[in-house]
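For the sequence shown, the tail end lands on 202 under my numbering, and the numbers increase by one without skipping. We put the CB at the ideal spot given by N, CA and C, even for glycine.
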Amino acid sequence: MKQWGKDIFNKFWPGLADTAKIGERQAKKLVTDFLKDSIREAKQDGTFNLPLNYGNILLKEEKEGSKSLKPEREEGVTDKDILWYYNIHEVERRMLDKIDIFFRLALYEEYISNGLSKNEAVKKLFKFRPKWGNPRDTKHTSGYDRPLPPSLMDRVNRYIIKRSETDIGKFKLDCEQSSSLNALIRKEIKRENI
9 MKQWGKDIFN KFWPGLADTA KIGERQAKKL VTDFLKDSIR EAKQDGTFNL
59 PLNYGNILLK EEKEGSKSLK PEREEGVTDK DILWYYNIHE VERRMLDKID
109 IFFRLALYEE YISNGLSKNE AVKKLFKFRP KWGNPRDTKH TSGYDRPLPP
159 SLMDRVNRYI IKRSETDIGK FKLDCEQSSS LNALIRKEIK RENI
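Given below as structure tokens:
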């Protein structure tokens with residue numbers, strides 16, 4: 009494995025082991041599998057060799073008239089978000105998605121094992137976990153419940169951690185009273201709380 013692959017591996021497995029409480033061995037195995045899949049997919053999609061300053065390139069193209077960032081800008085994505093997300097390796101972006109899916113599935117399975125129906129589990133999942141993707145995708149959701157652009161992931165995760173640490177009860181209530189966490193996040197972005 010090349011050094012950048014080792015760096016990505018070492019960046020992800022400790023957090024997965026700690027957060028998921030699965031132990032070092034299982035975390036390393038999962039991250040290895042996620043890494044192999046991410047590399048294979050990026051190569052198949054032709055995105056493996058995107059430059060590490062891709063965010064800078066996108067911002068430069070935007071200044072020259074490109075509208076490629078328009079869907080993200082409409083969601084409140086800042087230059088800082090663009091640089092955070094697009095100036096990491098494509099494989100790392102794919103790893104973020106795989107780790108998110110892992111936690112989403114684990115939470116879904118927990119809800120099912122606690123007696124919720126599949127429908128109830130999905131509904132609860134969307135109240136407490138952000139759904140990332142193309143914000144213009146309305147196949148399964150619409151309005152404020154649509155997917156959030158992954159370029160918001162760092163800022164949103166910091167917001168969730170802050171709310172969880174400062175007033176978990178109020179945060180849970182806000183989540184429960186919103187149609188989804190995505191809807192709450194969109195409202196908070198508009199209020200400039202995120």
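Buried/exposed call for residue i, threshold 16 Cβ in 10 Å
i    : result
P158 : buried
S203 : Residue 203 lies beyond the range of the chain shown here (9 to 202); nothing can be said about it.
N127 : exposed
A114 : exposed
I202 : buried
CA nearest to the CA of residue i, picked from the options
i    : options                  : result
Y1   : L91, Y62, K135 and E100  : Limits of the chain in this structure are 9 at one end and 202 at the other, which puts residue 1 out of reach.
L133 : N142, I109 and R144      : I109
G141 : D87, E83, L124 and N95   : E83
Q185 : K88, D145, E173 and K131 : K131
D153 : S187, K71, W21 and T55   : S187
E70  : D87, E196 and S125       : D87
W21  : K68, K106 and G73        : K106
Contacts around residue i, its chain only, beta-carbon distance under 7 Å, and the 5 residues preceding and following it disregarded
i    : result
P138 : L156, V164, L189, N190 and I193
E49  : R102
R171 : F179
C183 : K135, F136, L189 and L192
Distance cut-off 8 Å: residue i Cβ against heavy atoms of the ligand FAD
i    : result
S187 : Inclusion of the ligand FAD in the displayed structure is not the case, the ligand content being empty and no account of it being possible.
Beta-carbon proximity of residue i to residue j, cut-off 9 Å
i    : j    : result
L58  : H97  : yes
I47  : G23  : no
Y90  : G63  : For clarity, residue 90 is Ile in the given sequence; the question names Tyr instead. Yes, Cβ-Cβ distance for I90 and G63 is below 9 Å.
L77  : L60  : no
P143 : E200 : no
F111 : A28  : yes
D162 : Y93  : yes
Spatial neighbours of residue i in its chain, beta-carbon cut-off 6 Å, leaving aside the 5 residues before and after
i    : result
E32  : A25
A129 : Y116, Y119 and I120
D175 : none
D145 : P155
Other residues of its chain near residue i: CB distance less than 8 Å, five sequence neighbours each side excluded
i    : result
K198 : G84
G123 : none
If you pair each beta-carbon of the stretch 147 to 162 with each one of the stretch 96 to 108, do three or more pairs fall below 8 Å?
yes
Counting Cβ pairs closer than 8 Å, one from the stretch 164 to 175 and one from the stretch 142 to 154, do we hit at least three?
no
Would the stretch 13 to 21 and the stretch 42 to 57 be scored as touching if the rule is three or more Cβ pairs under 8 Å?
yes
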